[in-house]
Amino acid sequence: MERTIQTVAVLGASGTVGSLTGGLLAQNGLRVYFLSRTREGSQKGLEKAIAQARSEVIADNIICGDYDSMLSEAVPKADWILECVAEDLSVKQAMYERLEPLRRPGTIVSSVTSSLVLEDLPKGRSEDFQKHFLSTHFYNPPGKMSACEICGQSKTDPALVEFMADFLHRRLRRAVIPVRPTAGFAGNRIAFLLFARITELAAEYGVEMMDYLIGPYTGRVMAPLATIDLVGLDIHKAIIQSLQTHTCDALHSKLVLPDYLEKMIGQGHLGRKTRDKGGFYKRLESGQYEYIDPKSLTYIPAFQPHVRFVEEAKQLIHIGRYRDAFEHIREAKGTEAGLVQEILATYIAYSYMLVGEVTEQKYGIEGIDRVMMTGFNWASPSLLVYMLGGKEKTAELLASKGLPVPASLLEDTVWERYPFNAGRYFPAK
Amino acid sequence: MERTIQTVAVLGASGTVGSLTGGLLAQNGLRVYFLSRTREGSQKGLEKAIAQARSEVIADNIICGDYDSMLSEAVPKADWILECVAEDLSVKQAMYERLEPLRRPGTIVSSVTSSLVLEDLPKGRSEDFQKHFLSTHFYNPPGKMSACEICGQSKTDPALVEFMADFLHRRLRRAVIPVRPTAGFAGNRIAFLLFARITELAAEYGVEMMDYLIGPYTGRVMAPLATIDLVGLDIHKAIIQSLQTHTCDALHSKLVLPDYLEKMIGQGHLGRKTRDKGGFYKRLESGQYEYIDPKSLTYIPAFQPHVRFVEEAKQLIHIGRYRDAFEHIREAKGTEAGLVQEILATYIAYSYMLVGEVTEQKYGIEGIDRVMMTGFNWASPSLLVYMLGGKEKTAELLASKGLPVPASLLEDTVWERYPFNAGRYFPAK
Amino acid sequence: MSRENVYLLGGYQTDFARNWARENKHISAMMREAYEGSLAVTRIEPRDIQAAFIGNFAAELYCMQGHLGAFFVDFDPAFRGLPTCRFEGACASSALAALSAMAHIQAGLYDCIAVVGVEQMKTVSPAKGGDYLGTAAWYERESAGIEFPFPKLFGKLGDVYEARYGLDNRHLARIAAINYANAKLNPNAQTRDWFMDYNHACRTGQYNTAIVGRIKVTDCSQVTDGAVCIYLASERFAAEYARRLGQTPAALPRILGWGHTTAPMEFVTKVAESEGQPYVLPWTRKAITDAYRRAGLKDCWDLDAIETHDCFTTSEYMAIDHFGLTEPGQSWKAIEEGVIEMGGRLPINPSGGLIGCGHPVGATGARQLLDAYKQVTETAGDYQVPGARRVATLNIGGSATTNVVFIVGR
Amino acid sequence: MSRENVYLLGGYQTDFARNWARENKHISAMMREAYEGSLAVTRIEPRDIQAAFIGNFAAELYCMQGHLGAFFVDFDPAFRGLPTCRFEGACASSALAALSAMAHIQAGLYDCIAVVGVEQMKTVSPAKGGDYLGTAAWYERESAGIEFPFPKLFGKLGDVYEARYGLDNRHLARIAAINYANAKLNPNAQTRDWFMDYNHACRTGQYNTAIVGRIKVTDCSQVTDGAVCIYLASERFAAEYARRLGQTPAALPRILGWGHTTAPMEFVTKVAESEGQPYVLPWTRKAITDAYRRAGLKDCWDLDAIETHDCFTTSEYMAIDHFGLTEPGQSWKAIEEGVIEMGGRLPINPSGGLIGCGHPVGATGARQLLDAYKQVTETAGDYQVPGARRVATLNIGGSATTNVVFIVGR
């Protein structure tokens, strides 16, 4: 019998990830149980899903309930159980234990986790459970970010992973990235190393300056420290710690948590979620921003940095001359230019280094490209190679910054393709 | 020897007509004496001339002086003496007497008068003076109005009239209209009869309504009662009286001075020249206008008339459908439409009637056409015949209004020509 | 056509989901991306291009920039001196640019012309943008002081159908749903990530507000930024180009037929004049039948797909009978029978159309031609109509004032 | 040209002294007057007209109205369905419309096309109008925040001449004076009743204020409203038309040659790229020499008159050497020797040009063609160049970005 998915039980549907991912499923015509500890929580999740869809009609596909009263109805009916509960091994394992007696054999169970060790999650579960267990790491919000990393553990049926990859692509129109079961998978592994390095540089050059230098024009919709504010500094810390613990590579030393950042967390400056206390940024009533001073941990007014090569590059981007802009960045001199070049080079070097480790070797850079574009709205590593004038010029840049020049870069041909829709990753700001 | 004009003496150069006409001469490269009772007066005239030209360079061509000290220098040098002194027979005659001993034989003398009886002006002067005497009736301001009616009296050398017509046309780019020596010549004779009739109708229908009905859209840049305000009610009265005295025709009875108008003059409501007291209109500080009530002689606020056929006609004019607009006017029913039709019909009937009386028969309607366009910025009679659908339809209209249908209309072919630049005479307001 | 064949050599469109003001980009950046992408896709080289014709509706208003033709010159040193021109006919601007390119090629003046359609619209508020769009109609009479002049006009088009033939708004909802569904298959479509279905389109509410009359949000194409660059070429150039690609010229699509008409500007005049006639918009019909005649087509069933101008659901409803899929006034039949859906007998807007793919006004005509090219070369990817050989496009400006139809095929 | 001859059948221009906003007229009224006048003058009939091409720069800004092509349809019942299009290339808009009309005729698509140039500019304050004109240049870079962008750009043109060859402003004053003097002979000229002479043009003061740099009021063409309607026709139509008038087709003027180039948008780029070259504006020069070549002319001395684009005195100064009346940089010689005056060896702008006759931006190219027609048919009245057989026109858009040249003759 062909496997089909018609009904899905979303666990943890009161949270952002659960509700919006569940909403995505409902939008695509699946019947979805929204389950959480309380019916009210699930109902709140439904409202978030409706707001994401901008349509009440998806409610026709959604049944809200709490675990106690509805798990036993939903799980047997589900073809797929999508677990989005708290990022805590014991919480997840306890939930899986509740599922075991209810689920039909063959029912798919997936977790949205990316930072826990995947292998640990289904420990102690039945063989059928483990065989049908995998990670589907949706990026958030799924209405805007189409990335979905997918990964089985050692006991997962490879055919199931393939089925899910196909289903996620065709039915949910996800950019599916098959990854290996390493901590942080592909996207977070790469992005958070860069975030870490930038938090370190911010201690010396300041928050506003770093986000100005590594601003959107360098190939991202949002500047990096602003992104950490959005993620939450506590989450950032958790991811960095997980990566510190579970990964090891030549750039491991860049995976730092500067003191000032720990202090910020200690004082409750977690980012957007603590709007009054701020994060790297603090929004004033006037709509202006102040930036935290990593030395004094006080907020200081914007000073509006203006660095010539940056402004010139932005002007070139403004009129669509992207490659000329990056040639300009590549050739620029001075401390600030050195910082931008270092970050770009680190991004490229690290991404190509991880080919074969976080994604299968056979995919080359393409999987990583895809997750950085569709999960972070960042220009992909290969696109930056293209913009920087090709792999020889890029390799020179990497070497000049003391970075390894990965073989996968030297062998890469992806960068040579005309990059579809490339300009969208380079706002002129 | 060919006659040339290089030097002109303008008498009465302190007044508006003298200064602006003198300025026109200077603009065209003639050497011009600006003469008046005082040097200061002439100097003021020069300033007006400069403002009209929008250039100080014309001062290079102008010499200012007073009669007592400069007449004896200027007149012998002048090839043409242009008399613009007060519109009073005795004043003019006294001036001519002063000129007689100073002017070289053959020197042209012209007066700008149009309302005095031309034959009377040079009475008592030498034969050479009379032979070289004519009227050159410039319209005001000559920078905007190019009309110039030209007329000799009985003793004037016809060749001189021809020479001056040519000179005025070629050198001063005037629209020259050879007229017969009748009071008011062509333009004032026609226009003021219509003004008179409209002042009469205003007594019944009100000032604002009459200027709304006979507004610019009917073929004039300025509404009629507003025009009288510009001319001055006292001047209006003088012209009407002169025409009452010196002309006689089938529409003579329309040449009225209503009681309320006499009273307005008596109370000093002369028009724009008595800004504080007003005329038909009174401009408020807000920029709004009030209109005199002919019954109470008090000013009443604007009531913004809105008559459907008028608004529809304006809308058609707004998009350039002039003939459709006039068909609409022609076919409209009701009291207001009847008034508009009457005025248009009177204008056409009177103009064609006067062919042969105010201009030579051989010119047909063309001279009258020209003076109404270039002296008043009114659509010419033949243009209105064109707009109203041709001479048959126009003749019907005239007959229906109890007006004579002149033979010159029935014989006319001018109206059939495509009217160049016709639209400018029909503002959509 | 007995005249020289004019070939369509493909091109490139920008992602219509992008917001170029938010990216802080100049309108010329959008043109440049479309142009640079087109080189990569078509393998045409700068030295091949002998003129550049730009279709744009109102960059003066949206971007405070006129003279768009000239920006093309900046895109490559080879373009110094290049003849350029901007063409405008409201929402049909780039179809007009393509028509003129065709004429210049047939006159033997140029062998290969870049036709760029471009519009940047997300620079202003919806109210201001709606006002700007009003200049595509008779502004003083049809737009001044009206918040959404075009929804109003195309709502009236629905009213005319209702009065003459009857109209069920659920058929309009179906049109919207089909366009959104198709758009999900198009990686360049503005709405590809939006949720929309028939049930949603039927419902009025917080998330599907009524705009004016029968027109709801889902009946409208949305404000879009986008540019498209395509190439039209002579037989001579096509032959050389085919050699370059290792193909025969016969494999290259060409303009088989075209129609171009202008109806009176005011919608009330259009409707008054079509009273008693079979077609609500006879001049739109004439553009279509002119194109059929020039292409030697018997009727619409000689086509494999249509890219039509669904600025509103009512305009697609109109297109269905005007193209001849049904008798006049019976468009609903083709909708109910699934004729216009992907897999139907004659799919309309496989791309998602203006409602699904987006409507950057001045770019739409060129976008339709590009999609026609993709269909007949079987390069439309997920929205390919299998085996498509002949595709028609209908691009209209104003309230179906300017009408341009092309038949593209091999 | 080896291609089919394209005939120019005359037309009509509105009085450029008028102020249509003061007359409370819609821009379509201006087009209508030009059209109706053209019928009377040319004896072309509505049924003869197979398409209408409208050149306009920026009615969107000045009049809040786009889609101008469509208004033509309202002018006569015979025009229902007529193909129309609006063309824009800044101040060269109607020359581009004429070029496209030529191409359509040569392609055999139409036999007689009405080309209308139109601009209504007196709707806004001078400051706002200057800002709108700035959209003909690269607005963000050359116009934003600058009070009079174009006087500044064309002042810089003078600066480049000064730096490369020397320039005496009195020669510019002479150019202004000649244009004003010629305009006095033209009953349609905007300035025909204005006072202006060489002495006035030399002087700066209350009545001749300095605008920017070397540019004074008298160096500028003035804000103008105007429309022109002319007809281009095929050999077939011209033969029939000549019969109608009792003439031979050989008596009808035709387009003997043309040139069309686009330079880079920014003025600084133009100047940087012409560094070390003989001509300051090489792409303007190329449009001229292309036209000479196509018309089979040896040089400018095969011409009897030129109607050039003197938006500023500096642009006419540039035209003098670029047309080849003098060696590059020596334009002053032709001025001093009286070559360009009426009665000179090669009169420039007998009409008064843009400075004298007026510059309703989108109408100027068509106005130049109409004046060329009048000259070669000896119907120019007081501004006739006796015996003129061949007349060149140069219409430029932006800071000599778009360049269009025609040679009209018999």
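Heads up: the sequence lines are chains G, U, V and D, in that order. Okay, so the first sequence: first residue is 60 according to the numbering used here, each after it adds one. Okay, so the second sequence: first residue is 60 according to the numbering used here, each after it adds one. Okay, so the third sequence: first residue is 149 according to the numbering used here, each after it adds one. Okay, so the fourth sequence: first residue is 149 according to the numbering used here, each after it adds one. Where a beta carbon is used, it is the ideal one built from N, C-alpha and C, also for glycine.
(request) Rounded to whole angstroms, what's the CA-CA distance from D/Met-149 to U/Tyr-422? Just pull it up for me. (result) The sequence position of residue 149 of chain D within the fourth sequence is 1, counting from 1. The sequence position of residue 422 of chain U within the second sequence is 363, counting from 1. Note that D/Met-149 scores a pLDDT of 39, beneath 50, so its modelled location is shaky and nothing firm can be said.
(request) List the endpoints of the continuous alpha helix (DSSP H) containing G/Gln-152. (result) Position 93 of the first sequence holds residue 152 of chain G. In the DSSP annotation of this structure, the continuous segment of the alpha helix (DSSP H) that includes G/Gln-152 starts and ends at 148 to 158.
(request) Give the residues of chain U in contact with D/Glu-181, contact being defined as C-beta atoms less than 7 Å apart. (result) On the fourth sequence, residue 181 of chain D is found 33 positions in, with the first residue counted as 1. Within chain U, the residues near D/Glu-181 are Gly-379, Gly-482.
(request) Check whether the Cβ of V/Phe-343 lies closer than 8 Å to any Cβ atom in chain G. (result) Within the third sequence, the letter at position 195 stands for residue 343 of chain V. For V/Phe-343, the answer is yes, since a Cβ of chain G falls inside 8 Å of its Cβ.
(message) What would DSSP say about V/His-408, mapped onto helix, strand or coil?
(response) Within the third sequence, the letter at position 260 stands for residue 408 of chain V. V/His-408 falls in the strand class under three-state DSSP.
(message) So with CB distances below 9 Å, who are the chain U contacts of D/Lys-332?
(response) Here residue 332 of chain D is taken as the residue at index 184 of the fourth sequence, counted from 1. D/Lys-332 reaches chain U at Arg-232, counting residues in chain order whose Cβ is nearer than 9 Å.
(request) Determine which residues of the region 207 to 223 of chain D have a Cβ less than 7 Å from any Cβ of chain V, and write them out in chain order. (result) Listed by position along the chain: Glu-208, Leu-209, Met-212, Gln-213, Gly-214, His-215, Gly-217, Ala-218, Phe-219, Val-221, Asp-222.
(request) Would you verify that the beta carbon of G/Lys-107 is, or is not, closer than 8 Å to some beta carbon of chain V? (result) Counting from 1 along the first sequence, the entry for residue 107 of chain G is found at position 48. G/Lys-107 does not count as touching chain V.
(message) In the DSSP assignment, the beta strand (DSSP E) including V/Gln-478 goes from what residue to what residue?
(response) What you label residue 478 of chain V is simply residue 330 of the third sequence in a count that begins at 1. Following the DSSP letters along the chain, one finds V/Gln-478 in no beta strand (DSSP E), marked with neither H nor E.
(request) Report yes if the C-beta distance between G/Gly-330 and G/Asp-270 is below 8 Å; otherwise report no. (result) To locate residue 330 of chain G, count along the first sequence from 1; it is residue 271. To locate residue 270 of chain G, count along the first sequence from 1; it is residue 211. In this structure, G/Asp-270 does not lie closer than 8 Å to G/Gly-330 by Cβ.
(message) Contact criterion: CB-CB distance below 8 Å. Does G/Arg-429 meet it with respect to chain V?
(response) The residue labelled residue 429 of chain G in the question sits at position 370 within the first sequence. For G/Arg-429, the nearest beta carbon of chain V is not closer than 8 Å to its own beta carbon.
(request) Give a yes or no on whether the minimum CB-CB distance between U/Glu-115 and chain D is below 8 Å. (result) Position 56 of the second sequence, counted from the start, is the residue given in the question as residue 115 of chain U. For U/Glu-115, the answer is yes, since a Cβ of chain D falls inside 8 Å of its Cβ.
(request) Could you confirm whether any beta carbon from chain U is found closer than 8 Å to the beta carbon of D/Gly-185? (result) Here residue 185 of chain D refers to the residue found at position 37 of the fourth sequence. At least one CB of chain U lies nearer than 8 Å to the CB of D/Gly-185.
(message) Can you confirm whether the region 252 to 264 of chain V touches the region 368 to 384 of chain V when touching is taken to mean that 3 or more C-beta pairs between the two stretches lie within less than 8 Å?
(response) Per the Cβ contact rule, the region 368 to 384 of chain V is in contact with the region 252 to 264 of chain V (3 or more Cβ pairs under 8 Å).
(request) In the DSSP assignment, find the unbroken beta strand (DSSP E) run with U/Arg-546 in it and report its ends. (result) The question about residue 546 of chain U has no answer, for chain U in this structure spans 60 to 488.
(message) What does the alpha-carbon distance come out to for the pair D/Gly-549 and V/Ala-218?
(response) Mapped onto the fourth sequence, residue 549 of chain D falls at position 401. Mapped onto the third sequence, residue 218 of chain V falls at position 70. Note on residue identity: the sequence assigns Thr, not Gly, to residue 549 of chain D. Between D/Thr-549 and V/Ala-218, the C-alpha separation is close to 7 Å.
(message) Which same chain residues end up closer than 6 Å to V/Lys-481 when comparing Cβ atoms and leaving out the 5 residues on each side of it in sequence?
(response) On the third sequence, position 333 is the one that residue 481 of chain V refers to. Result list for V/Lys-481: Thr-474, in chain order.
(request) With a 10 Å radius around its C-beta and 16 neighbouring C-beta atoms as the bar for buried, classify U/Gly-246 as buried or exposed. (result) Walking along the second sequence from the start, residue 246 of chain U turns up at place 187. Buried is the call here.
(request) Can you give me the Cβ contacts of V/Asp-224 inside the same chain, cut-off strictly under 8 Å, excluding the 5 residues immediately before and after it? (result) As a working note, residue 224 of chain V is residue 76 in the third sequence. Sequence-distant Cβ neighbours of V/Asp-224 in its own chain, meaning closer than 8 Å and more than five residues away, are Pro-194.
(request) Report the residue from V/Gly-557, V/Leu-156, V/Ile-496 whose alpha carbon sits nearest the alpha carbon of V/Tyr-328. (result) The residue labelled residue 328 of chain V in the question sits at position 180 within the third sequence. Taking the Cα of V/Tyr-328 as reference, the smallest distance to any Cα among V/Gly-557, V/Leu-156, V/Ile-496 is reached at V/Ile-496.
(request) For G/Pro-240, go through chain V and note every residue whose CB falls closer than 9 Å to its CB, in chain order. (result) The residue given as residue 240 of chain G occupies position 181 in the first sequence. In chain order: nothing, as chain V lies at least about 29 Å away.
(request) Grab the span of the beta strand (DSSP E) containing G/Leu-94 for me, first residue to last. (result) Walking along the first sequence from the start, residue 94 of chain G turns up at place 35. Counting along the chain, the beta strand (DSSP E) containing G/Leu-94 begins and ends at 90 to 95.
(message) Could you pull the DSSP bridge partners for V/Gln-268 from this structure?
(response) Here residue 268 of chain V is taken as the residue at index 120 of the third sequence, counted from 1. V/Gln-268 pairs with nothing; no bridge assigned.
(request) Take the Cβ of V/Arg-515 as the centre, count every other Cβ of all protein chains shown within 10 Å, and call the residue buried at 16 or more, exposed below. (result) To locate residue 515 of chain V, count along the third sequence from 1; it is residue 367. V/Arg-515 should be labelled buried.
(message) Only counting the same chain, and skipping five residues up and downstream in sequence, which positions put a Cβ closer than 7 Å to that of G/Ala-118?
(response) Numbered from 1 along the first sequence, position 59 holds the residue referred to as residue 118 of chain G. Cβ contact annotation for G/Ala-118 (same chain, cutoff 7 Å, sequence separation greater than five): Leu-105, Ile-109, in chain order.
(request) Return the first residue and the last residue of the alpha helix (DSSP H) that V/Tyr-531 is part of. (result) Working through the third sequence from its first residue, we reach residue 531 of chain V at position 383. Note, V/Tyr-531: premise wrong, no alpha helix (DSSP H); not H, not E.
(request) Can you tell me which of the three DSSP states U/Glu-221 falls into? (result) Residue 221 of chain U sits at position 162 when you count from the first residue of the second sequence. Helix at U/Glu-221.
(message) If you follow the alpha helix (DSSP H) that D/Arg-515 is in, where does it begin and where does it stop?
(response) Sequence index remark: in the fourth sequence, residue 515 of chain D carries index 367 (1-based). Residue range 512 to 524 is occupied by the alpha helix (DSSP H) that includes D/Arg-515.
(request) State yes or no: is the C-beta of G/Leu-94 within less than 8 Å of the C-beta of G/Asp-138? (result) For this step, residue 94 of chain G is matched to residue 35 along the first sequence. For this step, residue 138 of chain G is matched to residue 79 along the first sequence. Contact check for G/Leu-94 against G/Asp-138 fails: the beta carbons are separated by 8 Å or more.
(message) Is there a Cβ of chain U sitting closer than 8 Å to that of D/Pro-225, yes or no?
(response) Numbered from its first residue, the fourth sequence carries residue 225 of chain D at position 77. The beta carbon of D/Pro-225 does not come within 8 Å of any beta carbon belonging to chain U, so the residue lies off that interface.
(request) Leaving out five residues on either side along the sequence, give the residues of the same chain with a beta carbon under 6 Å from the beta carbon of G/Lys-332. (result) Counting from one through the first sequence, the residue named residue 332 of chain G turns up at place 273. So the list reads Gly-291, once near-sequence residues are dropped.
(message) Please confirm whether V/Asp-163 has its beta-carbon closer than 8 Å to some beta-carbon of chain G.
(response) Within the third sequence, residue 163 of chain V is the residue found at index 15, counting from 1. For V/Asp-163, the answer is yes, since a Cβ of chain G falls inside 8 Å of its Cβ.
(request) Quick one: using the 10 Å Cβ neighbour count with 16 as the cut-off for buried, is V/Tyr-379 buried or exposed? (result) In the third sequence, counting from the first residue as 1, residue 379 of chain V sits at position 231. V/Tyr-379 is buried by the Cβ-count criterion.
(message) Please report the distance separating the alpha-carbon of D/Asn-551 from that of D/Gly-203.
(response) Within the fourth sequence, residue 551 of chain D is the residue found at index 403, counting from 1. Within the fourth sequence, residue 203 of chain D is the residue found at index 55, counting from 1. Cα atoms of D/Asn-551 and D/Gly-203: separation of roughly 15 Å, rounded to the nearest angstrom.
(request) Consult DSSP for V/Lys-364 and reduce its assignment to one of helix, strand or coil. (result) Position 216 of the third sequence, counted from the start, is the residue given in the question as residue 364 of chain V. Looking at V/Lys-364 - three-state DSSP - the assignment turns out to be strand.
(request) Go to U/Gly-541, then tell me how far its alpha helix (DSSP H) extends in each direction, as first and last residue. (result) Outside the displayed span of chain U (60 to 488) sits residue 541 of chain U, for which this structure offers no information.
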